[in-house]
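There are 2 protein chains.
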Amino acid sequence: MKARVTVMLKDGVLDPQGEAVRHALGALGFSGVTGVRQGKVIELDLAPGTERDEVERMCEALLANTVIERYEIEMG
Amino acid sequence: MKARVTVMLKDGVLDPQGEAVRHALGALGFSGVTGVRQGKVIELDLAPGTERDEVERMCEALLANTVIERYEIEMG
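Protein chains in written order, with the working numbering: chain R, 1 to 76; chain F, 101 to 176.
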């Protein structure tokens with residue numbers, strides 16, 4: 001089975017990487033882009049029957065820095 | 101309006117970052133993780149009425165390296 005974890009910086013935390021992308025898009029002529037936030041996505045192949053709880057523990061332990069990042073889990 | 105772009109390495113392209121995460125999860129006792137792929141997610145705030153086509157052009161021009169990466173666009 002698979003799970004997808006999306007990790008984004010929390011609102012209010014400066015995102016210089018996203019800001020750099022926004023600036024570069026503007027320089028390329030994409031003028032309608034008013035904001036960019038960049039995060040990471042982690043696709044996990046899991047043993048059958050793995051619970052969402054266990055993926056949550058992975059996020060808390062390693063995948064996200066919960067001081068500055070939030071995460072979403074999609075099981076599927 | 102918003103769009104979310106997910107960029108992953110194509111299948112067959114080595115993903116050392118994902119492999120490092122898999123190894124670290126194993127070391128932390130999460131033994132059921134058989135594979136990990138890591139990618140990036142880019143959330144765009146767009147001017148109202150922006151077409152999916154334009155986001156696709158952003159991906160081709162800047163957001164993804166289409167030689168080794170594939171991308172998915174979700175408008176919403």
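All C-beta atoms, glycine included, are put in the ideal place defined by N, C-alpha and C.
- Annotation: the continuous beta strand (DSSP E) that includes GLU43 (chain R) extends over 33 to 46.
- Counting C-beta pairs with one atom in each stretch, the segment 19 to 36 of chain R and the segment 139 to 155 of chain F have three or more that are closer than 8 Å, which means they touch.
- 8 Å or more divides the Cβ of VAL36 (chain R) from the Cβ of LEU162 (chain F).
- For GLU160 (chain F), there is no enclosing alpha helix (DSSP H), since its DSSP letter is neither H nor E.
- Contacts with chain R at 8 Å (Cβ-Cβ) do not include GLU160 (chain F).
- Going by C-alpha positions, GLY126 (chain F) is about 20 Å away from VAL7 (chain R).
- In the DSSP assignment, LEU125 (chain F) falls within the unbroken alpha helix (DSSP H) covering 116 to 127.
- When DSSP states are grouped into helix, strand and coil, GLU54 (chain R) belongs to the helix group.
- In terms of beta-carbon proximity, ARG170 (chain F) stays away from the interface with chain R, with every pair separated by 8 Å or more.
- Residue contact check for ILE173 (chain F) against chain R: no CB pair falls below 8 Å.
- Put simply, the backbone Cα of GLN117 (chain F) is about 29 Å away from that of LEU28 (chain R).
- Rounded to the nearest whole angstrom, the CA to CA distance from GLU154 (chain F) to VAL13 (chain R) is 28 Å.
- In terms of Cα proximity to ASN65 (chain R), the closest of R:GLY76, R:MET75, R:GLU74 and R:GLY39 is R:GLY39.
- In its chain, beyond the 5 residues on either side, ASP115, ARG137, GLY139, ILE168 and GLU169 have a beta carbon closer than 7 Å to the beta carbon of LEU109 (chain F).
- Of all residues in the segment 11 to 42 of chain R, those with a C-beta nearer than 7 Å to a C-beta of chain F are VAL21, ALA24, LEU25, LEU28, PHE30, GLY32, VAL33, THR34, GLY35, VAL36, ARG37, GLN38, GLY39, LYS40, VAL41 and ILE42, reading in chain order.
- Note on geometry: alpha-carbon atoms of GLU56 (chain R) and ALA24 (chain R) lie some 35 Å from one another.
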